[in-house]
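Protein sequences appear in the order of chains A and B.
Each step along the first sequence adds one to the number in my numbering, with nothing skipped, and position 286 is 286.
Each step along the second sequence adds one to the number in my numbering, with nothing skipped, and position 294 is 1294.
Note that CB positions come from ideal geometry on N, CA and C, so glycine has one too.
These numbers were taken from a predicted model, which means no experiment stands behind them.
There are 2 protein chains.
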Amino acid sequence: MKLTISRNELNEAIQHVSKAVAARTTIPILSGIKIDADDRGVTLTASDTDISIQSFIPKETPDKTVATIHSGGSVVLPAKFFVEIIRKLPSEEVHMEVGDRFQTSITSGSIDIQLVGLDPEEFPILPVLEEDRVFSISGDQLKTMIRQTVFAVSTNEATPILTGVLWNLQDDVLKFVATDRHRLATSSVPCEAAEDLRFSNVVISGKTLGELSKIIPDQDVLVDIVVAENQVLFKLDNVLFYTRMLDGTFPDTTRIIPTSFRTELVLGTKVLSEAIDRAYLLSREEKTNIVRLMTTDSGGIEISSSSSELGRVQEQLAVDELKGEPVRIAFNSKYMLDVLKVVDSEQMFIGFTGAMSPIIIRPKGDSSLHLILPYRTTN
Amino acid sequence: MKLTISRNELNEAIQHVSKAVAARTTIPILSGIKIDADDRGVTLTASDTDISIQSFIPKETPDKTVATIHSGGSVVLPAKFFVEIIRKLPSEEVHMEVGDRFQTSITSGSIDIQLVGLDPEEFPILPVLEEDRVFSISGDQLKTMIRQTVFAVSTNEATPILTGVLWNLQDDVLKFVATDRHRLATSSVPCEAAEDLRFSNVVISGKTLGELSKIIPDQDVLVDIVVAENQVLFKLDNVLFYTRMLDGTFPDTTRIIPTSFRTELVLGTKVLSEAIDRAYLLSREEKTNIVRLMTTDSGGIEISSSSSELGRVQEQLAVDELKGEPVRIAFNSKYMLDVLKVVDSEQMFIGFTGAMSPIIIRPKGDSSLHLILPYRTTN
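Rendered as structure tokens:
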């Protein structure tokens, strides 16, 4: 392999695939990035066996030559050093040449780097997926749905299926669900897919979705999603992102979401968010994060928390709408803050069905829905 | 105590003194901030017994009323919560009132906070210093001198005196010295002090100087420095910063700094910095951080490093001046990068007196001087 390539394009592709490099591994080849050059361009691949990312750098773009391939070939280079040194090269052009026993020479300006390369034959082979079950979604929508649900996945490895987000595609609606048994987050978008494409059992690790989010570019693009036997492939412009589905059955959560409420509240997101944040400051000293919400006689609400050592905070909030029975409820303020952080709309609906029943939060003007179980307290 | 105070001024004073609040302490009173109100204004004090900071909020500034003191008095409030809640209050005015058993009520807008206060009589009393040994220095210069030396203090608690920076005032020059026995950093400024004011044994903890730096405002101010028996007091506009001197004798480092060199090098700071940074990427994989510098036949230098597992980096650099014998020397690249980070001038001088002798780095156009001991390597 011998080639000359633009540093910026190489660097961008490296940044993409580096998210799949195994951080701690006993298998040396997995801590590398595979580089393949052929007459179409250069392909980088990294894999920790759960996630695999491939990024293709075409030889030419409409306005310039990106890479000149003098001879094709493959090599695996140590990722950690490779990622950082390419980013820190001063010149715009990088020359790479693989010699005997995968010894790789990288030169750029007056810099000469000799790297111990590894045999590309040892690198894991990416799965070949049947591409008959494919649908598309806007990158922006996908990122929003991930952001609105992924914080609610469980961090408890004892229930691995709950560390993932459930994907459900039915009747032209794509829906995400995440829960750690104390709270639940869902988000949906209309999604045009082939008529016979429907699924309700695809669960993808929350951590993986976080990495996927970082790769989706800021300018809106369409992401093609291939759903295969036990793998999902996300196809972006020049980047392929493979992940395994989580094994297991995701709990049925449809029945725990109340649809009618005894108390209905509409108020400003920012007002509530800042008040909960202040109450949280005191509640976290008690480790429980308990904050109380109660309706007041004056038609507003009061947010309060207390700590035996420090004291008490209470605050009156005006609301936009309040209907139904008075309510007095306690909940984990950290969970509420997590929800409020991902609410983009200025106004939100909160529904209660009693002090011991789930609290439902629905931002006005988006399709997400959040559920928080209250604390059972005596006062 | 009963008062009304502007949140911004209160918040600013809290941020200043909070740097002296004891982080982990078994003495509850030290985790608090003392508030004293009298007819001049409000004074906040925090102390972890090593550092004490006092910030005064005058009742009035030329353009507005900052505080209205309805009745004077004192209380100690739990710092961690107090610092954060004041910062997060939405209204511009804060009312405070101390009741029975130091129970303190803080109200702002529709927010009502009740805090368990502590008895101010239990709070440590600040030392009363003889103010006969005083000199002044510009805050900018002081911050620069701290930045240019403090990174070189030892982190090894076995030699506590080396965790501090030596202050030396003699012949109208103030000089700082820091060393961890592997490297040394010094910085000096001309400084007009009373004729009989001279000292050579004042050692102040590097950590303390770091905190002091954060309090010195960005707009240039004059800092008055009172040097007492075993305490130093820094007087800024409305802020007093007390610290204890470190006990012990700082080693005499004057003789280890060579004054003539066998090889003299002048080159661009940025060029060297970027090259060392790249070589460091590889050297840190070997944990030693060893990077090599050698003069080349073409009148420049070569920077290189190698790792048995990964490979080798080498780079040719053009220099502005090179005089004397050829040199080939190895050093800890992390130490060199630490120096290069605090060099503001575009050009720097490096002097060598042999492969086993100290390397001297002097930025062109400032008064700092840095010394790094080389590694004794065989190749």
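Query	Result
Distance, residue 1274 of chain B Cα to residue 110 of chain A Cα	13 Å
Short CB-CB distance (under 8 Å) between residue 1111 of chain B and chain A	yes
Cα-Cα separation, residue 1286 of chain B to residue 116 of chain A	14 Å
Cβ separation of residue 176 of chain A and residue 187 of chain A, assumed to be a contact under 8 Å, to the nearest whole Å	5 Å
Inter-stretch contact (C-beta, 8 Å, three-pair minimum) for the segment 1052-1064 of chain B and the segment 1233-1249 of chain B	yes
Member of A:328, A:108, A:255 whose CA lies at the smallest distance from the CA of residue 290 of chain A	A:328
Backbone secondary structure at residue 70 of chain A - three-state DSSP	strand
Residue 1340 of chain B versus B:1185, B:1179, B:1127, residue with shortest Cα-Cα distance	B:1185
Boundaries (first-last residue) of the alpha helix (DSSP H) holding residue 211 of chain A	206-215
Residue 1102 of chain B at chain A interface by Cβ criterion, 8 Å	no
Short Cβ contact (8 Å threshold) for residue 120 of chain A with residue 83 of chain A	no
Buried or exposed (CB count within 10 angstroms, at least 16 for buried), residue 1323 of chain B	exposed
Positions along the segment 1288-1321 of chain B whose CB lies within less than 7 Å of some CB in chain A	1309, 1310, 1311, 1312, 1313, 1314, 1315, 1316
Residue-level contact to chain A via CB, residue 1033 of chain B, 8 Å cutoff	no
Nearest candidate by alpha-carbon position, reference residue 1267 of chain B, set B:1346, B:1248, B:1179	B:1346
Classification of residue 1358 of chain B by the beta-carbon crowding that lies within 10 angstroms, buried from 16 upward	buried
Buried or exposed by the 16-neighbour rule on C-beta atoms within 10 Å, applied to residue 1027 of chain B	exposed
Residues of its chain near residue 218 of chain A, where Cβ-Cβ distance is below 7 Å and the 5 sequence neighbours each way are ignored	none
Closer than 8 Å at the beta carbon, the chain B residues around residue 277 of chain A	1088
Where the alpha helix (DSSP H) through residue 1180 of chain B begins and ends	Here residue 1180 of chain B belongs to no alpha helix (DSSP H), and DSSP marks it neither H nor E.
Residue 190 of chain A (DSSP reduced to helix, strand or coil)	strand
Other residues of its chain near residue 374 of chain A: CB distance less than 8 Å, five sequence neighbours each side excluded	329, 330, 331, 355, 356, 357, 358, 359
Cβ distance (whole Å) where residue 2 of chain A is taken to contact residue 70 of chain A below 8 Å	4 Å
From B:1284, B:1316, B:1014, residue whose alpha carbon lies closest to that of residue 1298 of chain B	B:1316
Chain-ordered neighbours of residue 1222 of chain B on chain A, where CB pairs are closer than 7 Å	Within 7 Å Cβ-Cβ: nothing; residue 1222 of chain B doesn't reach chain A, min ~37 Å.
For residue 323 of chain A, the three-state DSSP class (helix, strand or coil)	strand
6 Å CB neighbourhood of residue 1353 of chain B in its chain, flanking five on each side removed	1258, 1261, 1262
Endpoints, alpha helix (DSSP H) assigned at residue 1337 of chain B	1333-1342
Proximity winner among A:172, A:136, A:72, A:216, relative to residue 143 of chain A (alpha-carbon distances)	A:216
Separation of residue 174 of chain A from residue 194 of chain A, as counted between CA atoms	13 Å
Buried or exposed by the 16-neighbour rule on C-beta atoms within 10 Å, applied to residue 209 of chain A	buried
Cβ-based neighbour list, residue 365 of chain A, same chain, cut-off 6 Å, excluding 5 preceding and 5 following	345
Assumed close pair residue 367 of chain A, residue 279 of chain A - CB separation to whole angstroms, cut-off 8 Å	Not really, about 29 Å apart at Cβ, beyond 8 Å.
Same chain, Cβ closer than 8 Å to residue 1048 of chain B, five either side skipped, listed in chain order	1020, 1021, 1022, 1023, 1025, 1030
Cβ pair residue 301 of chain A, residue 310 of chain A closer than 8 Å	no
Under 7 Å from the C-beta of residue 1115 of chain B: neighbouring residues of chain A	310, 311
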